[in-house]
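**Q** Numbering (the working numbering), first residue to last: 3 to 811. Ideal Cβ placement from N, Cα and C applies to all residues, glycine included. Provided herewith is a single structure, encoded as structure tokens, for subsequent inquiry.
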Amino acid sequence: MTPPSDRIRTDAADSATGPSIVPVIVDPAAGPRAAEGAPDPLLDGLNPPQRAAVEYRGDALLIVAGAGSGKTRVLTHRIASLIRNREAWPSQILAITFTNKAAAEMRERVSHLLGGIAEGMWISTFHSACVRILRREAESFGFTRAFTIYDSADSRALIKRLIKDLQADTYGYTVPQVAARISKLKNELTDAETYARQANYSDPQDAVFSQLYQEYAHALQAANAFDFDDLISQTVYLFRAFPEVADRYRTRFRHILVDEYQDTNHAQYSLIRELTRPPRSNELEGVSSPGNGGASLTVVGDSDQSIYAFRGADIRNIVEFERDFPGAEVVLLEQNYRSTQNILSAANAVISNNFDRKDKNLWTAVGDGAKIVGYTGYSGHDEAQFVADEIAKLHDEGIAYNEMAVFYRTNSQTRALEEIFIRSAVPYRVLGGTKFYERAEIKDAMAYLTSVANPFDALALRRILNTPKRGIGPATETQLAGFAEREQISYREAMRRAPELGLGPKVTKAIVDLATLLDEAAELADPDRPGGPGRVSEVLTLLIERSGYVTTLRASRDPQDEARAENVEELLAVTKEFAVNNPGGTLVDFLTEVSLVAAVDELDDASGTVSMMTLHTAKGLEFDAVFITGVEEDLIPHRMSANEPGGPAEERRLFYVGITRARKRLFLTLAMTRAQFGETSVAMPSRYLQEIPGDLVDWVQSPGGATSRGGTQPRALNAARPGSSRWNDGPVYLPPKPKTEWANRVTGQVRDNGDLELVPGDRIRHTDFGEGRVDQVTGEGAKRVAHVTFESAGRKKLLIKIAPIEKVG
DNA sequence: GTCAATGACATTTTT
DNA sequence: TGTCATTGAC
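Below you can see the structure in the form of structure tokens.
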């Protein structure tokens with residue numbers, strides 16, 4: 003694909019910090035705009051659409067930013083320009099990013115552009131911004147500002163308990179199911195009471211769920227806790243219930259910018275709507291004329307990169323932005339500054355197979371670059387070995403390890419990769435996965451801290467009640483809970499008064515001792531303590547020493563417990579580092595920060611290691627060399643996605659996101675057999691592989707070319723490798739299998755099947771769902787809908803005119 | 001109340 | 001493969 007010649011070439015090194023950018027100091031004497039003709043450092047080096055996106059002033063702006071089109075640059079320059087031109091104070095800016103890391107980077111870049119006067123801006127994730135608001139306002143609606151944030155594991159633990167209590171498992175409810183359903187409802191702003199009102203009580207299953215949901219909500223409230231989804235939805239409820247509170251924020255934020263808008267869910271969308279509404283004071287005084295008074299809104303996104311539908315992201319938020327905000331300006335960024343043309347062409351070819359999308363073509367001025375490399379291993383280990391070998395080669399060629407990344411669909415795929423990487427001495431780092439904070443011993447230590455900060459949190463307290471072992475078993479725990487309930491007192495108070503329960507002297511002492519320890523720690527951590535609160539590290543030290551937690555671990559015979567003790571020490575180091583980075587940071591601040599860290603936030607650019615992560619985590623990142631592993635059916639697209647509406651299309655976007663992370667080199671690898679739960683099963687090449695034009699890929703071992711001789715014995719292959727030369731002396735580049743036959747057979751444009759006649763009983767083939775039979779046809783003319791039962795994908799409704807279907811038989 | 005042994009079962013993606 | 005829940009012996 004050649005770039006249109008009339009486009010203006012700009013500096014391709016978008017992501018590098020421009021050397022020519024000079025910090026601009028706000029000069030009160032200067033006019034609102036820089037002098038005519040003088041080069042404006044905020045516009046310099048931007049292409050025309052980028053410039054338009056920075057300069058547009060109006061109520062609503064949608065920036066459709068293709069992958070690698072420099073959207074972060076546009077956003078930062080836009081913010082800087084608003085501040086520099088004195089159109090906004092920094093404190094009037096609210097910018098929402100997807101991760102904390104992206105927020106930190108944006109803040110850094112804006113303040114660099116402005117010469118360090120960016121104090122007071124809110125640049126954060128949705129969740130962080132909401133926590134900030136909720137902590138300030140907590141007291142006005144029945145919470146304290148020390149509320150706990152429950153992560154998904156905490157939510158699941160609570161749900162598990164409730165399922166047991168209500169015996170909901172007899173109705174077939176499982177923890178993940180209930181958790182997902184509650185999460186979904188919260189993202190749609192349906193709270194427990196609303197659900198209860200419309201629940202179908204003649205259906206016992208639904209009645210039980212409704213009760214589960216209500217008890218879950220009640221338990222959170224009683225524990226003075228919010229789960230992840232609450233952070234957003236409760237902020238919306240807060241704004242709706244207390245307009246005067248909402249007005250404070252509406253008055254404050256005059257410019258709201260939202261990144262990754264395609265991945266916002268309904269609750270987040272509603273939050274933005276609430277915030278961009280004009281404050282009431284304006285309405286009363288008649289200041290509000292159409293579009294006046296509400297904050298200006300800028301959203302950036304790319305519907306082709308929407309990959310979070312499973313967590314409630316609604317692609318319609320971006321698709322229907324212009325309808326939502328009439329008069330909105332739309333700017334398209336299509337020039338890519340990141341990848342080579344070969345990589346982009348592959349990406350374009352793949353994504354063009356998604357129907358019902360706006361056609362959009364990324365192009366670059368960089369040139370073709372190296373071809374994409376494909377490899378089919380005999381097993382997952384074989385595949386991993388290839389990746390490790392190529393990484394070593396790339397490193398020899400001068401690409402730094404931290405400029406390389408390995409992506410996979412599921413976290414479980416890391417195992418084989420890690421094994422081989424360790425053996426091959428490839429320095430690597432896994433982002434996400436089993437995170438540090440998910441380890442049991444860390445959760446224990448955190449539960450101590452949480453119990454100190456939030457005495458109402460029964461879940462945290464239950465976790466530490468008998469950790470380390472103090473002889474407080476389930477029976478005692480139930481007694482304690484009943485006592486607290488009867489006397490209408492907190493758990494902590496109940497523990498202090500444990501002697502009244504008439505338990506054994508040993509148990510009673512254990513309980514009272516723990517209560518004393520928590521009280522002492524709470525006093526130390528108290529923000530209002532005379533002389534200032536103790537540091538988090540001091541509080542943690544007190545807790546783990548006096549409770550005997552580490553001592554017990556060290557004394558254990560289990561060799562793993564030694565490592566656990568070290569992890570707790572590591573957490574102590576984290577608290578010390580926190581104190582250095584956040585002077586005056588309280589215990590609650592620390593707990594908040596820990597709750598909201600995302601996988602990518604751990605990415606350290608200077609680490610000198612290869613990064614391994616899921617395709618989801620990879621969004622928003624870029625690397626010189628990218629390996630996408632496990633490009634197989636049932637993995638990409640994942641087996642579980644087949645039944646979901648829009649599943650295969652979302653999986654394709656995920657693959658697209660992966661491809662577009664690569665700057666120079668892209669490797670697509672798969673295996674013929676893959677181990678899972680100890681069993682090995684046969685894997686098939688992903689359908690998406692066939693969507694990449696054959697001439698873009700050099701197959702070291704193509705899916706068709708690899709014979710089955712290797713079977714499942716990667717060791718034999720290892721042994722057969724002398725030095726660094728590849729094992730197959732035969733033709734290195736086998737002809738790509740059925741490529742020409744398949745590539746771009748389905749054109750990417752919005753299809754038009756014209757007046758394809760379908761009647762019940764017809765058999766059709768759908769590019770995503772396979773073959774199926776038409777049950778009935780409804781609607782008229784261009785809106786005729788076919789109801790189809792697919793063999794593997796089940797029942798679907800399809801708009802006949804544009805669906806990627808054809809009649810068979 | 002604790003511990004060790006056994007067997008069932010699971011792996012999609014995440015703030 | 002590895003985690004977990006249940007079981008039964010102390």
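Using the beta-carbon count (16 or more within 10 Å), is Val752 buried or exposed?
**A** Locating residue 752 in the first sequence gives position 750, where the first residue counts as 1. A caution first: Val752 carries a pLDDT of 35, below 50, which makes its placement in the model unreliable, though a value can still be read off. Label assigned to Val752: exposed.
**Q** Could you say which of Ala105, Arg111, Ala120 lies nearest to Ser126 if we only look at CA atoms?
**A** By one-based count along the first sequence, residue 126 stands at place 124. Of Ala105, Arg111, Ala120, the residue nearest in Cα terms is Ala105.
**Q** What are the boundary residues of the beta strand (DSSP E) that Tyr430 is part of?
**A** Taking the first sequence and counting its residues from 1, the one referred to as residue 430 is at position 428. It spans 430-432 - the beta strand (DSSP E) in which Tyr430 sits, taken as one unbroken run.
**Q** If you draw a straight line from the alpha carbon of Ala14 to that of Thr671, how long is it in whole angstroms?
**A** Along the first sequence, read from residue 1 onward, the residue named residue 14 stands at position 12. Along the first sequence, read from residue 1 onward, the residue named residue 671 stands at position 669. Model confidence at Ala14 stands at a pLDDT of 33, short of 50, so the residue's coordinates are unreliable; what they give is reported in the following sentence. The straight-line gap from Cα to Cα measures roughly 29 Å.
**Q** Which ranges does the alpha helix (DSSP H) cover as unbroken runs of at least 4 residues, wholly within the stretch 603-661, from first to last along the chain?
**A** The stretch 603-661 contains these whole alpha helix (DSSP H) runs: 649-661.
**Q** Out of Leu240, Ser414, Ser354, Lys188, state which residue places its alpha-carbon closest to the alpha-carbon of Gly680.
**A** Within the first sequence, residue 680 is the residue found at index 678, counting from 1. Considering only alpha carbons, the answer is Ser414.
**Q** Could you pull out every residue in the same chain whose Cβ sits closer than 6 Å to the Cβ of Glu808, ignoring the five residues on either side in sequence?
**A** Mapped onto the first sequence, residue 808 falls at position 806. Same-chain partners within the cutoff: Arg767.
**Q** Report the rounded CA-to-CA distance for Ile234 versus Ser130, giving the unit in angstroms.
**A** Counted from its first residue, the first sequence places residue 234 at position 232. Counted from its first residue, the first sequence places residue 130 at position 128. Each residue's alpha carbon lies about 10 Å from the other.
**Q** Label Val332 either buried or exposed according to how many other C-beta atoms from any shown protein chain fall within 10 Å of its C-beta, with 16 as the threshold for buried.
**A** Walking along the first sequence from the start, residue 332 turns up at place 330. Answer is exposed; the Cβ neighbour count stays below 16.
**Q** Check the C-beta distance from Gln337 over to Gln307 and give it rounded, since I have them as a contact under 8 Å.
**A** The residue you call residue 337 lines up with position 335 of the first sequence. The residue you call residue 307 lines up with position 305 of the first sequence. The Cβ separation is near 16 Å, so there is no contact.
**Q** Using a threshold of 6 Å, is the CB atom of Val699 nearer than that to any non-hydrogen atom of the ligand PLP?
**A** Among the components modelled here there is no ligand, and therefore nothing to report on the ligand PLP.
**Q** Between Leu623 and Arg654, is the Cβ-Cβ spacing less than 7 Å?
**A** Counting from 1 along the first sequence, the entry for residue 623 is found at position 621. Counting from 1 along the first sequence, the entry for residue 654 is found at position 652. No. Outside cutoff.
**Q** Can you tell me which of Val180, Phe128, Val776 puts its alpha carbon nearest to the alpha carbon of Ile98?
**A** By 1-based counting over the first sequence, the position of residue 98 is 96. Residue Phe128 is the option with its Cα nearest to Ile98.
**Q** May I have the straight-line CA-CA distance separating Thr366 from Leu45, to the nearest angstrom?
**A** Position 364 of the first sequence, counted from the first residue, corresponds to residue 366. Position 43 of the first sequence, counted from the first residue, corresponds to residue 45. Each residue's alpha carbon lies about 20 Å from the other.
**Q** Could you check how far apart the C-beta atoms of Ile374 and Ile393 are, in whole angstroms? I think they sit under 8 Å.
**A** The residue given as residue 374 occupies position 372 in the first sequence. The residue given as residue 393 occupies position 391 in the first sequence. In fact, because the Cβ distance is near 16 Å, the residues do not count as touching under 8 Å.
**Q** Following the continuous beta strand (DSSP E) through Gly376, name the residue where it begins and the one where it ends.
**A** By 1-based counting over the first sequence, the position of residue 376 is 374. Start and end: 374-379.
**Q** Just the Cα atoms here: how many angstroms apart are Ser83 and Val76?
**A** In the first sequence, the residue the question calls residue 83 occupies position 81. In the first sequence, the residue the question calls residue 76 occupies position 74. Straight-line Cα distance between these residues: approximately 10 Å.
**Q** Quick one: complete alpha helix (DSSP H) runs, 4+ long, within the stretch 193-268?
**A** Runs found: 194-200, 206-224, 230-243, 245-254.
**Q** Measure the alpha-carbon distance for Ser7 versus Val628 and round it to whole angstroms.
**A** For the purposes of this step, residue 7 is taken as residue 5 along the first sequence, with counting starting at 1. For the purposes of this step, residue 628 is taken as residue 626 along the first sequence, with counting starting at 1. Note that Ser7 scores 33 on pLDDT, short of 50, meaning its location in the model is unreliable; the coordinates nonetheless yield the value given after this. Going by the C-alpha atoms only, they are around 30 Å apart.
**Q** As an exercise, report each continuous alpha helix (DSSP H) stretch of at least 4 residues that is fully enclosed by the stretch 454-497, in chain order.
**A** Here the runs fully enclosed are 460-467, 476-489.
**Q** Give the DSSP bridge partners of Leu64, in chain order.
**A** On the first sequence, position 62 is the one that residue 64 refers to. Answer by DSSP bridge pairing, in chain order: Val301, Val332.
**Q** Go ahead and pull the three-state DSSP assignment for Ile802.
**A** What you label residue 802 is simply residue 800 of the first sequence in a count that begins at 1. Here Ile802 sits in coil by DSSP.
**Q** My guess is that Val321 and Ser347 are in contact by the Cβ rule of under 8 Å, so how many angstroms apart are they, rounded?
**A** Translated into positions along the first sequence, residue 321 becomes position 319. Translated into positions along the first sequence, residue 347 becomes position 345. Going by Cβ atoms, the distance from Val321 to Ser347 rounds to 25 Å, so no, they are not a contact pair.
**Q** I need the boundaries of the alpha helix (DSSP H) containing Gln169, first residue and last residue.
**A** Counting from one through the first sequence, the residue named residue 169 turns up at place 167. First-last for Gln169: undefined, no H or E at that position.
**Q** Check whether the stretch 99-119 touches the stretch 596-604, taking contact to mean three or more Cβ pairs, one atom from each stretch, closer than 8 Å.
**A** Touching, yes, given that three or more Cβ pairs across the two stretches are closer than 8 Å.
**Q** With DSSP as the reference, identify every bridge partner of Tyr410, one or two as the case may be.
**A** Translated into positions along the first sequence, residue 410 becomes position 408. DSSP lists Thr616 as partners of Tyr410.
**Q** Let me know the secondary structure DSSP gives Leu598 once reduced to three states.
**A** Here residue 598 refers to the residue found at position 596 when the first sequence is read from its first residue. Note: Leu598 maps to coil in three-state DSSP.
**Q** To the nearest whole angstrom, what separates the beta carbons of Ala449 and Ile466, a pair I think is in contact under 8 Å?
**A** Indexing the first sequence from 1 puts residue 449 at position 447. Indexing the first sequence from 1 puts residue 466 at position 464. About 5 Å separates the two Cβ atoms, so the contact holds.
**Q** Would the beta-carbon of Leu589 fall within 7 Å of that of Ala455?
**A** Translated into the one-based positions of the first sequence, residue 589 becomes position 587. Translated into the one-based positions of the first sequence, residue 455 becomes position 453. It is a contact, given that the beta carbons lie within the stated cut-off.
**Q** Kindly provide the ranges of any alpha helix (DSSP H) runs that are 4 or more residues long and lie completely inside the stretch 541-571, ordered along the chain.
**A** Those alpha helix (DSSP H) runs which fall completely within the stretch 541-571 and span 4+ residues are 551-557.
**Q** Spatial neighbours of Ala581 within its chain, please: C-beta separation below 8 Å, excluding the five flanking residues on both sides.
**A** Mapped onto the first sequence, residue 581 falls at position 579. The answer, listed in chain order, is Arg537, Val538, Ser539, Gly587.
**Q** Quick check on DSSP: helix, strand or coil for Leu364?
**A** Counting from 1 along the first sequence, the entry for residue 364 is found at position 362. Looking at Leu364 - three-state DSSP - the assignment turns out to be coil, as it is neither helix nor strand.
**Q** Who are the Cβ neighbours of Thr543 in its own chain at under 6 Å, not counting the five residues just before and after it?
**A** The count along the first sequence starts at 1 and reaches residue 543 at position 541. Within the same chain, Thr543 has no close Cβ partners at all.
**Q** Out of Phe244, Leu419, Gln213, Val702, state which residue places its alpha-carbon closest to the alpha-carbon of Glu141.
**A** By 1-based counting over the first sequence, the position of residue 141 is 139. Considering only alpha carbons, the answer is Phe244.
**Q** Any contact between the stretch 152-162 and the stretch 189-204? By contact I mean 3 or more CB pairs, one from each, below 8 Å.
**A** No, the stretch 152-162 is not in contact with the stretch 189-204.
**Q** Going by DSSP in three states, Lys809 sits in which element: helix, strand or coil?
**A** Within the first sequence, numbered from 1, the residue matching residue 809 stands at position 807. Strand, per DSSP.
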